[in-house]
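Notes follow the structure.
In UniProt numbering, the protein residues as written are 1 to 739.
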């Protein structure tokens, strides 16, 4: 890893030297002309424009000449820190140019010296990351990094304007029924609000000030008397335009949250001072507030009878239904009296009282968890939705399953529609990925095929929720390997479920197949050798069928297929069933996608191999883009040939799926999220998940970070325009300085 990092800096150093040489070319004749009777520029002007260019050239030429032989004659104990120390001590800040508006090639070249220090700092970060503290180079590199960072800090201090602190005015009996942090859409922008439902009105407020949880103040944004509130707007009401935040940004926030959680735990174990922990908690709160603001995307719209409308974004249909139900229930009770408009004094008093009345004091994420509270489950939850009873009339029914992660609920599975019955029997099994999950929610819907009778709320046509319920995911009761049967009661309806949980630690254990001639759980090299093919038959068949009729399927690869169909296909492939292609043509396309994912997950060794996994995970963190590309491509080309060819075959397919993103809603990032943890998984010894289950918080955060890295590795390859073919493996670019 150290050698790859240094190979990258060598390659860019060579380019940088050529840039400096390009500056020296016009400088020499200009300098010569300066002493003549008709100079183009004065000596002073030349020294200002070409500030220290000859000196910089000599310094970097010396650095390059010193580094090149050390990399070419590499050994584990090779030191390079002295070269970086010397480089950083010699380079000094050029005077800032007053006018940076013109972007011609000369100015671009003149900017290179400052840009170089930034790159050098990133390289030192990467080198330190992969240099053991016991290595003789470690203190030298640390010192070089300190010098480099001090230089950059001095530039930043001069250029960053100080932020002005905002001053706020200090503001100053109804019954509060419910309150919650919500995201309001205001002129197309997301705004964080605290919404209060009183017995006679709905109040939307903004939290104005908060210092360590004290001195809170609310600023009223608007209110609607419940007698004037409705969920159905006029026919001509325009649908809400929801600003979407890329999944990559949401994942980056989750990575930061996981990092901060782990850091807080480390500081606690080290008994560090409360100031350090308070600072980390503040950062965590900021990141979680940002996630709360950007994550929800399900609309909830309320209208005032005067015609004014307000739009909120909520993370799940369950919470949206709860708010609607509670408001409608209260509207029935308050029909007998009408709320007159509040005076400004009454509104101010009501808003001030919200500070004492509020029941939700923190954003609904991990920051408000008690230290000893369960961090939730990490692993896979198999759920069988059996049947429903208690319906009064025959309906077309289906169910959806939601679980929480990072404080938000998301839809994970959906049963088929059971047509026109009072006792639907789905008997469908789903596998749900859990990431710190504590609750399973189930919603039962009536499918509305008649568009004229559809429930039109929020400006969208929606199916009607017949019932909803939830159960806690108790780690104690789910630890056994047997299925747990349970019943979820909801509005007079009862839905029967069975659940079985597999922990992350156990899911890392890849079980070899008991069928020597099967395909699942058998080494990929064994299968391709037996089939005399470069890509296993199962992979080719599944991808062909998905490309034939699944490319425009919404949520392809993300939506769970029915587990019984997947098992039937698995058996057919394992027994080399001659009618497997006929079976596939009749199966739901999500079951075929599920079979392909199951094949990769059950390989005795992941596609990216146990041996190379730590290097892929390290390579993706490199800051220097040249070093990263060199590292990642060389690692990829180091894979065994069946693994490499199969991956390239799959990669081309996933890129084609993403081309239909506008229809199937599957971006490159979504696909990387689905396949990353399947194709790249650490061996048990390399996993950062502690075997000791008494440290659940660390386990969850370590797993989050590990999964994020796996997603980033696959996303990196998906975003590369071209990847060398296996033939180029022989023409290795390993450690070349001409990458």
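Where a beta carbon is used, it is the ideal one built from N, C-alpha and C, also for glycine. The model shown is predicted, which means the values in this text are computed figures rather than measured ones.
Asked, Found
"Please report the straight-line C-alpha distance between residue 249 and residue 124, rounded to a whole angstrom.", "26 Å"
"Compare the C-alpha of residue 78 against each of 86, 471, 67, 390 and name the closest.", "67"
"With a 10 Å radius around its C-beta and 16 neighbouring C-beta atoms as the bar for buried, classify residue 669 as buried or exposed.", "buried"
"When DSSP labels each residue in this structure, what does residue 675 get in the three-state scheme?", "helix"
"Which first and last residues belong to the beta strand (DSSP E) in which residue 402 is found?", "395-405"
"Identify every residue that forms a DSSP beta bridge with residue 304.", "229"
"Below 8 Å on the Cβ atoms is my contact criterion, and I expect residue 81 with residue 137 to pass it. Report the Cβ-Cβ distance as a whole number of Å.", "5 Å"
"From residue 672 to residue 608, what does the alpha carbon distance come to, in whole angstroms?", "14 Å"
"Just the Cα atoms here: how many angstroms apart are residue 5 and residue 126?", "7 Å"
"Please look up how many angstroms separate the CB atoms of residue 386 and residue 468, rounded, as I've assumed it's under 8 Å.", "Rounded, the Cβ-Cβ distance is 17 Å, inconsistent with contact."
"Residue 498 to residue 327, Cα distance in whole Å?", "33 Å"
"Threshold first: 4 residues or longer. Then list the alpha helix (DSSP H) segments lying entirely within the UniProt domain \"DH\" (1-158), N to C.", "2-34, 43-49, 53-72, 81-90, 105-129"
"Could you have a look at residue 503 and say whether DSSP puts it in helix, strand or coil?", "strand"
"As a quick exercise: from 724, 613, 581, pick the residue whose alpha carbon is nearest that of residue 649.", "724"
"Consult DSSP for residue 427 and reduce its assignment to one of helix, strand or coil.", "strand"
"Can you tell which of 244, 423, 291, 395 has its C-alpha closest to the C-alpha of residue 389?", "423"
"Out of 221, 41, 141, state which residue places its alpha-carbon closest to the alpha-carbon of residue 88.", "141"
"Can you tell me whether residue 663 is buried or exposed? The criterion is at least 16 other CB atoms within 10 Å of its CB, across all chains shown.", "exposed"
"By the three-class DSSP mapping on this structure, what secondary structure does residue 368 have?", "In this predicted model, residue 368 has a pLDDT of only 45, less than 50, meaning its place in the structure is not dependable enough to derive any value."
"Determine the DSSP secondary structure at residue 479, reduced to helix, strand or coil.", "coil"
"For residue 340, which three-state DSSP category applies?", "coil"
"Leaving aside the five residues before and after residue 320 along the sequence, list all residues of the same chain whose C-beta is less than 7 Å from its C-beta, in chain order.", "298, 300, 314"
"What are the start and end residues of the alpha helix (DSSP H) that includes residue 565?", "563-574"
"So what's residue 708 in DSSP terms, helix, strand or just coil?", "helix"
"Answer with buried or exposed for residue 12, where buried requires no fewer than 16 other C-beta atoms within 10 angstroms of its C-beta.", "buried"
"Does the structure place the stretch 394-402 close enough to the stretch 471-487 that three or more beta carbon pairs sit under 8 Å?", "no"
"Helix or strand or just coil, what does DSSP make of residue 256?", "helix"
"When you compare only the Cα positions, how much space is there between residue 616 and residue 681?", "11 Å"
"Any idea what DSSP makes of residue 533, helix, strand or coil?", "coil"
"Classify residue 386 as helix, strand or coil using the three-state DSSP reduction.", "strand"
"Please return the same chain residues whose Cβ sits closer than 8 Å to the Cβ of residue 707, not counting the five positions on each side in sequence.", "435, 676, 677"
"What does the Cβ neighbour count give for residue 65, buried or exposed, with the cut at 16 atoms within 10 Å?", "exposed"
"Who are the near neighbours of residue 219 in its chain, counting only those whose CB is closer than 6 Å to its CB and skipping five residues on each side?", "206, 208"
"In chain order, what residues of the same chain have a beta carbon less than 8 Å from the beta carbon of residue 666, not counting five sequence neighbours either side?", "555, 556, 557, 558, 657, 658, 660"
"Hey, residue 563 and residue 620 are a contact pair by Cβ (cut 8 Å); roughly how many whole angstroms apart?", "Wrong, their Cβ atoms sit about 32 Å apart, outside the cutoff."
"Residue 646 lies in the alpha helix (DSSP H); which residues open and close that run?", "641-659"
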